Amino acid sequence: MIDIKKIREQFPILQQKVNGKPLVYFDNGATSQKPEVVIDAIGNFYKTGNSNIHRGVHTLSRLATEQFEQSRKTIATHFHIKNEQQIIFTSGTTDSINKVAQGLAKHHLKSGDEIILSTYEHHSNILPWQLWAQKNGGVLKVIPLLEDNSLDYVAFENLFSEKTKLVAITHVSNTLGLITNLQKIKELTQKYNVPFLLDGAQSAPHMRIDLNQIEPDFFVCSAHKMYGPTGAGILYLSEKWLGTLPLASTGGGTIKTVTFEKTEYAEGALRFEPGTPHIAGAIGFATAIKFMDEVGMNHLYEHESYLVNHAQKALKQIREVELYGANDHKAGVISFNVKGQHPFDVGTLLDKYGIAVRTGHHCTQPLMQCLGVQGTVRISFAVYNTIEEVDFFIEKLKKVITMLQ
Ligand SMILES: Cc1ncc(COP(=O)(O)O)c(C=O)c1O
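For the sequence shown, this note's numbering gives the first residue as 804, with consecutive numbering after it.
If you want it as structure tokens, here you go:
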């Protein structure tokens, strides 16, 4: 059992009131709040440790380099990766996917090739592939939904052809919270010998992820959804791609030697990290990972599942509420609408009670089209949320519904 009261005390932002009411923060899918340890780690770096990394011989530079590289190791260990060089620091999920798309576009992808995505995808995992497809005569194929809004894995298998060059798929739908079937994805991509990219932006904050076991070719996630800072994230590359993925961009820090005629590039992660990286961001990210590991990913998942199931059960009792993808196997996210009402109105009125929810299309417009709606109200949980907050939200939602009628 985890002590939620003790966890909440570690988050300064949760101690304040919003609109005169205690903050109920249910917008964790957009970004989570940060514990004091993360805020301190970033502040302390700038207060006492700030220096550029990798090329300095002076003490501060050596210490900053050590902290940065140690952060890489901490993150690799969390994701069950032995070789920390497979962890590349980026500015977040979007940046990581773009790096893969631009890299693959150089050699791996050719005109007429096909990429399989799912209906769940966030725009960040559609646009880079669409850009490539439009410029190069590529084709995007999309895994459709079944009646219950889960992915249709039979249709998925039928999408494979000899031209399929990549499957790029989210681990958890940021709109519905539904979890994709990794076993099936792994089985099919291995059967057809197609690499796969796993978008972990919405799974890494909520569940234990063992990349050694999942064996994706690429895995991406963002620190800011995992109790860490904005502007930091990772791109994990399998051993094969670490040595072969063409560079999306290049510059200082990525090389062994440079002459005007030719460059010999560094090996490992550094090859993909041109310029001065977000050093404090990497350190803050590793500190956030340690915070999550101390809570324990299994405890965290159990607690959030408890909140999801409790909230879903209560929402199902409200006649005016339409739920999307209501299923017991979910990760931290619920989407719904109040029938006949615009989600913005519901969100705006909940805000008056200090309840922060997200409304709109959640950067998943194709999924919205599939659901036949313009947008939804989304509540998304983190480890510091409580059953009492869920009950307060349900009580105020009922009031909001009455006000809107
Ligand atoms: C599933 C998914 N993929 C990608 C992203 C983009 O993440 P970021 O804005 O941190 O780059 C998000 C953000 O909400 C997401 O939920």
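Backbone N, C-alpha and C define an ideal beta-carbon position, used for all residues, glycine too.
Note that the structure is predicted; figures quoted are calculated from it, not measured.
Cβ pair residue i, residue j closer than 9 angstroms
| i | j | result |
| --- | --- | --- |
| residue 1109 | residue 1182 | no |
| residue 882 | residue 1039 | yes |
| residue 1266 | residue 1005 | Look at the range of the chain in this structure, 804 to 1208, and you will see that residue 1266 is not part of it. |
| residue 841 | residue 1087 | yes |
| residue 906 | residue 1111 | no |
| residue 924 | residue 1080 | no |
| residue 945 | residue 921 | yes |
| residue 968 | residue 916 | yes |
| residue 932 | residue 940 | no |
| residue 1085 | residue 1035 | yes |
| residue 1203 | residue 1098 | no |
| residue 956 | residue 984 | yes |
| residue 928 | residue 900 | yes |
| residue 962 | residue 1012 | no |
| residue 858 | residue 1056 | yes |
| residue 965 | residue 989 | no |
| residue 978 | residue 1167 | yes |
| residue 1102 | residue 982 | no |
| residue 887 | residue 869 | no |
| residue 1150 | residue 1123 | no |
| residue 1089 | residue 875 | yes |
| residue 1023 | residue 1000 | yes |
| residue 934 | residue 971 | no |
Counterpart residues of residue i in DSSP-defined beta bridges
| i | result |
| --- | --- |
| residue 1161 | 1181 |
| residue 971 | 1000 |
| residue 1024 | 1037 |
| residue 1140 | 1125 |
| residue 921 | 946 |
| residue 1133 | 981 |
| residue 1067 | 1060 |
| residue 828 | 1159 |
| residue 821 | 824 |
| residue 1210 | What the structure shows of the chain is the stretch from 804 to 1208, and residue 1210 is not part of that stretch, so it cannot be assessed. |
| residue 954 | 948 |
Burial state of residue i (16 or more Cβ within 10 Å)
| i | result |
| --- | --- |
| residue 816 | exposed |
| residue 949 | exposed |
| residue 1128 | buried |
| residue 1188 | buried |
| residue 769 | This structure cannot speak to residue 769, because the chain is shown only from 804 to 1208. |
| residue 910 | exposed |
| residue 947 | exposed |
| residue 1042 | exposed |
| residue 846 | exposed |
| residue 1049 | exposed |
| residue 1054 | exposed |
| residue 1061 | exposed |
| residue 853 | exposed |
| residue 770 | Here the chain comprises residues numbered 804 to 1208, so residue 770 is not present and cannot be evaluated. |
| residue 804 | exposed |
| residue 986 | exposed |
| residue 1063 | exposed |
Residue from the options whose Cα sits closest to the Cα of residue i
| i | options | result |
| --- | --- | --- |
| residue 1164 | 1176, 968 and 1011 | 1176 |
| residue 1148 | 1157, 1131, 1122 and 1180 | 1180 |
| residue 813 | 830, 976, 836 and 1169 | 836 |
| residue 1197 | 994, 821, 1096 and 1156 | 1156 |
| residue 833 | 900, 851, 806 and 1032 | 1032 |
| residue 1076 | 863, 902 and 1192 | 902 |
| residue 974 | 1010, 867 and 1070 | 1010 |
| residue 953 | 998, 1174 and 1091 | 1174 |
| residue 1021 | 1027, 1047 and 1028 | 1047 |
Short CB-CB distance (under 9 angstroms) between residue i and chain B
| i | result |
| --- | --- |
| residue 1007 | Absent from the structure: chain B. Only one protein chain is present. |
Checklist entry - Whose CB is closer than 5 angstroms to a heavy atom of ligand 1? List the residues in chain order. => result Those satisfying the condition are, in chain order, 895, 896, 897, 925, 927, 973, 977, 1002, 1004, 1005 and 1025.
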